[in-house]
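*Asks:* Mind looking over this structure? Questions follow.
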Amino acid sequence: MSKRKEDLSEGSLPVKRIKTEDTKDYEAEEVKTTKGKTVTTNGQSGDSLPPNSHLNEGDVGIIESISLKNFMCHACLGPFKFGPNVNFVVGNNGSGKSAVLTALIVGLGGKATATNRGYSIKGFVKDGQNSADISITLRNRGPDAFKPDKYGEAVIVEQRISGDGIRQYRLKSQSGHIVSTKKEELNTILDQFNIQVDNPVSILTQEMSKHFLQSKSEADKYKFFMKATQLEQMRDDYSYIMQTKALTNEKIEKQDENLSELKDQVKQKEDRYKSLSSLNELQDKLEQLRNQMAWALVIEIEKHLQPIKDRIKVEESRSVKYDHKVEEWQMKVNEAEEHFKTIQNQLQKITEEAQALRPQCSTLKDDVQRKNKACKETEATFHRYRTQLKQLEKDHDQLQKRIEQLRNSINQSSEAELRERQERISCLQKQLKALEDQEATTSQQLAQFQHAISKSRDEQEKLGEEEKDVKQSAESRKERLKELKASRTNQLKRFGENMPALLDAIAEAHKQGRFRHKPIGPLGACFKLKYPELALAVESCLKGLLLSFCCDNYRDEQMLQSLMSRYFTSGRRPQINVCEFANQVYNVKGRAVHHPDFPTVLDALEISNPVVANCLIDMRGVERILLISSNSRAREIMQQQRPPANCREAFTAAGDQVFPNRYYSSETDRARYLGGDVESEISQLEMEVSNKMAKLSHFQQRLQSIVEEIRTNETQMKMKQMQKRKIQENMTKIKLEISDLENVDEPQSVDISTLEEEVQDIWHRIVSDRNKLEEARKDMDEHRKIVNEAEQRYKEVKEKINLIAEGADPIKDELNKIDTEVGKCKHHKRHYEEKRKEHLEGIDKLKESLESKEKVLEENIAKAKQIYAERLEVARTPKSIDVEINRLRERISTEQERHGSKEEITRQYFDVLETYKNVKSQVKNLKKFMQLLDKIMEERHKAYKIFRRYISLRCKYYFDSMLSQRGYHGKMSFDHKNATLSIAVQPGEGDKAALSDMRSLSGGERSFSTVCFILSLWDTMESPFRCLDEFDVYMDMVNRRISMDMMLKVASSQRYRQFIFLTPQNMSSLPSSRLIRILRMHDPERGQTTLPFRARDQAEDSDD
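Just so you know, we're using numbering that gives the first Met the number 0 here: the sequence shown kicks off at 0 and counts up by one.
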């Protein structure tokens, strides 16, 4: 592929990226012969080739000779005379083979990095020398020769490299005459000869060859292929063309802007040119414009009058709408006030009903306590009778046994025994008397213990209820204390634990544009108190409004509801008030309360946001509510006297709500949300909690003490009961013993009859006690029934009072809502009344404006008739006519001042007109060319893809063909999309399917495969010469021979190209041919094997 200049008609642009560099001239130095390092040729060289035989040889770009001085580690090399076809440079390592190849790259303008021998140009200067010289002679014959009239049949490229890394070029003709010293001239020559210094296939260095052999990257192989076939250069050229196209489009846009400026200049020059016609015409036209101006003013005023008349009609028709709105809201006010009175009567009735039940509840409670005490006394009597009955039944059984014993007894008592019995009886009677006294005392003590236990149980029940109340109060204060402590760091936590998180979510949603207007709230955080001592009064007045938010529209309200649902999942959510946001506070002077001593709620608040103030006015009517410090003063102002004008209610500092006909006490004694001094409130609450906890502890200790007292008294009572039973048992024993002793001297019948009489008496007593026990049981059951009935009545009354109190709460809330609704309706009514008033005032102003404009119209008509009697219908505006009048005046003045300038104006006009036409034509042609370029570039891109495919297929074919000469099989896979090239080779006659990557091959096999790949790439490129450095470094003899035969065969088929091979082999086995020339290098001298290169990180020096 050769780069040729193409005709513009074929759609290409002759664009070349040429580096412009300044070079310095220097005096040529005579090239001297080398010291023993001049090359020699063998008998197989091209000496026998006729000197003038140019048959099938290349005409341009062939390297005829190279000479070096102080280059790398060589003082002098060359001149090397190369043949037109195949050239072998042989010699041991360090003899200068690679130096020749390096000098070829550097001498033709290549960078040091392209040689893989250094990173800086100055590193190629021999150590101890100031400069290095390179001279390269290129053939310049035939029809493609470059400036043959100047250079002749050869171009000599000389380059001097200074020790500082500065390059100096001299381009000489065949005769040695200096033609140019410019680097761009050299670039042009290289482009003309299609010499590609940076193409790795054109000049393959030793390092590049090794890198390619050892490379594992498919991307590197693909890049190597693209660079070798110049597809990369084509792609870069297309990119450069597209960039140039973009710049050209920008220039066309700028030319369009300049074209508009030129058009304005043409217009100006044309106006000046036409102004030469006649000043009389300008004067006539000026007079006409003045007449038109007079009547244009009249028409302009008439146009302004008609919209005013139309607007007055429209506004007068809209007055009815405001009247309807005022009547509508008046009806709503009346309905809301009637509803308010109805609910107020219901609340009053419920309150009176609850107050009426409270004395009854207290009486029933006392009655329950009294009957409970009587019931416990009957229970004690029942238990006493039951104990006595058991004792009598026991005595009856013992006497029965005694009678049986006496009947079986036959012994008689003696007199001594009689006296002894009498003494014993007397002693037993004394003991019996003492036991009876002891029994009476014990019974009395037992009754005392029973009374004490009953009293303690009553006290225990009473203290239990008080303990429960104190505990609930302490818990509520602890919760409030927790909120206040949290509000130390964030005041918003006073309004709820989740309030800060909700406000952050609102701010984030507003940043995202989800709100039209950011909601405002909570309202309690949007104002300050002027009088902190009235905090409880303001809080009792506003209640739930303190937690509420304001939204401008219902869409924002829905969005806020969705945000609240995240943070208030249970319980009541803050209220949302929808009202259009305004920038001014309502004017409430006409309907607000004015008192000399006490402020309204609105006066007591310091509100910076008009939306907050308007919301409180709408929702609560804060301008009509007074705040009065003391309860007595509030009753005096609101109930004993006539309330102040516009005042509907008042609140005291204690939070009580006062109406003209009723009074509601506050349920709280402290402001929850509006408390001023947090620390003092925390301190106060901590003190209250401490007092409540101390009181609770006291109650618990007292309850524990009462439980201990009850337990002790019950223990003592049981002990006394046991003691009484023992006393009664002892008394029964003594009585039996006395009875036995008294009956000893009497006959057995008498004794038995006496005992039987006693048994009979005990039996009668048992029957009597059984009756008494039954009566006591009935009496006890009756008292229990009475107690249960009394407790039931007490509970019913108490539950009724609770139900009434619970029922009053929603009625209160409803009453407040209706009260708010009344205020809202009145606000809307006042709003429409003010709107109607403003509307009527606006109509009056329009009528006044119409009247004044009609007067102005009459005056302008009179003036216009003075200027021009007949009315003119003018379509233009006075402003445009005035502008044209001023312009005509300036033109007339200019023309009057100008003398003898007609020719100059004419010349300037036609010059500018011609320039404008030329630029317009150029812009038009450029636009057409850019459109044509778009089509050409599209076709070129398609052709590029086709050409790339063709080159790939051709390279594949030649690669496989070359491998087959060695009996190898190979495959090249191109992936143009991912820019990769994979090569697989199978040595020998193996299975073609068993192809393997080149990395698995031996060194010789890989070198042979590489040579095949390079030869296939050679077939796709059009460079005049090819250079290979140590291509056979890893080959064995067989692969080297086959590779050599292949390259010689290719060279023989391409005699118009030059081939230069660098190898350490002696090449003695080469066949004898006039096409082959061998250049042998002498062995290096000692100390010459090390090159004085700079560090790898040293930057590339620039050309001079």
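Using N, Cα and C, we set each Cβ at its ideal position, and we do this for glycine too. Here the structure is a predicted model, which means the values were calculated and not measured.
1) With distance defined between alpha-carbon atoms, name the residue in E460, Q1064 and F1024 nearest to V85.
2) Three-state secondary structure (DSSP) at D596?
3) To which residues of the same chain is F514 closer than 7 Å at the C-beta, ignoring the five residues directly before and after it?
4) Distance, Cα to Cα, P358 vs K799?
5) What does the Cβ neighbour count give for V706, buried or exposed, with the cut at 16 atoms within 10 Å?
6) Would you decide whether A439 is buried or exposed? Buried here means 16 or more other CB atoms lie within 10 Å of its CB.
7) For S704, which of helix, strand or coil comes out of DSSP?
8) How long is the line joining the alpha carbons of I328 and A293, rounded to whole angstroms?
9) Check the DSSP bridge columns for I155 and list the partner residues they point to.
10) Using the C-alpha atoms, what's the distance from C550 back to E837?
11) Please identify the residue among T714, R634, N139 and K1048 whose C-alpha is closest to the C-alpha of G57.
12) Kindly indicate which residue of L839, V367, L931 and L491 has the alpha-carbon position closest to the one of R310.
13) Determine the contact status of F1060 and F81, defining contact as a CB-CB distance below 8 Å.
14) Looking at the structure shown, is K529 part of a helix, part of a strand, or coil, going by DSSP?
15) Give me the Cβ distance between Q342 and L814, rounded to the nearest whole Å; I'm assuming they're in contact under 8 Å.
16) With DSSP as the reference, label A992 as helix, strand or coil.
17) Determine whether the beta carbon atoms of N193 and G60 lie at a separation below 8 Å.
18) State the CB to CB distance for the pair A113 and I104, rounded to an integer number of angstroms; the pair is presumed to be in contact (CB under 8 Å).
19) Going along the chain, which unbroken runs of the alpha helix (DSSP H) with 4 or more residues stay wholly within the segment 797–867?
20) Quick one: what does DSSP say N608 is sitting in, helix, strand or coil?
21) Answer with buried or exposed for S318, where buried requires no fewer than 16 other C-beta atoms within 10 angstroms of its C-beta.
22) So, are the CB atoms of I135 and G106 less than 8 Å apart?
23) Could you tell me the distance, in whole angstroms, from the CA atom of V984 to the CA atom of S1008?
24) Under 6 Å Cβ to Cβ from Q437, same chain only, skipping five residues before and after it: list those, please.
25) Secondary structure at S161, three-state DSSP: helix, strand or coil?
26) Give a yes or no on whether the C-beta atoms belonging to P573 and L546 are separated by under 8 Å.
27) Check the C-beta distance from M730 over to L391 and give it rounded, since I have them as a contact under 8 Å.
28) Using a Cβ-Cβ cut-off of 7 Å (strictly less than) and excluding sequence neighbours within five positions of A670, which residues of its own chain qualify?
29) For V918, which residues from the same chain have a beta carbon less than 8 Å from its beta carbon, with the 5 sequence-adjacent residues on both sides left out?
30) Answer with yes or no whether the minimum CB distance from A874 to chain B is below 8 Å.
31) Can you list, in chain order, the residues of its chain with a C-beta nearer than 7 Å to that of V265? Leave out the 5 residues immediately preceding and following it.
32) Looking at the secondary structure, which residues open and close the alpha helix (DSSP H) in which F217 lies?
33) Output the distance between the C-alpha atoms of A500 and P521, rounded to the nearest integer angstrom.
34) So, under 8 Å CB-CB, C578 and N608 are touching, yes? Tell me the CB distance rounded to an integer number of Å.
35) In the structure shown, what three-state DSSP assignment does N86 receive?
36) Quick one: what's got a C-beta closer than 8 Å to I251's C-beta in the same chain, skipping five residues either side?
*Replies:* The answer reads as follows:
1) F1024
2) coil
3) A508, D555 and M558
4) 13 Å
5) exposed
6) exposed
7) helix
8) Note on residue identity: the sequence assigns Trp, not Ile, to residue 328. The alpha-carbon atoms of W328 and A293 are separated by roughly 53 Å.
9) T136 and K171
10) 27 Å
11) N139
12) L839
13) no
14) coil
15) According to the sequence displayed, residue 342 carries Ile and not Gln. With 8 Å as the limit, I342 and L814 qualify as a contact, their Cβ atoms being about 5 Å apart.
16) Note that A992 scores 47 on pLDDT, short of 50, meaning its location in the model is unreliable; the coordinates nonetheless yield the value given after this. If DSSP states are grouped into helix, strand and coil, A992 belongs with the helices.
17) yes
18) 6 Å
19) none
20) coil
21) exposed
22) yes
23) 8 Å
24) I726
25) strand
26) yes
27) With a Cβ gap of about 12 Å, M730 and L391 do not count as contacting.
28) A534, L535 and E538
29) Q254, N257, L258 and L261
30) Absent from the structure: chain B. Only one protein chain is present.
31) V911, L912 and Y915
32) For the record, residue 217 in the displayed sequence is Glu; it is not Phe. It spans E217 to A227 - the alpha helix (DSSP H) in which E217 sits, taken as one unbroken run.
33) 13 Å
34) Actually they do not touch by this definition, with Cβ atoms about 12 Å apart.
35) strand
36) V922, L925, K926 and M929
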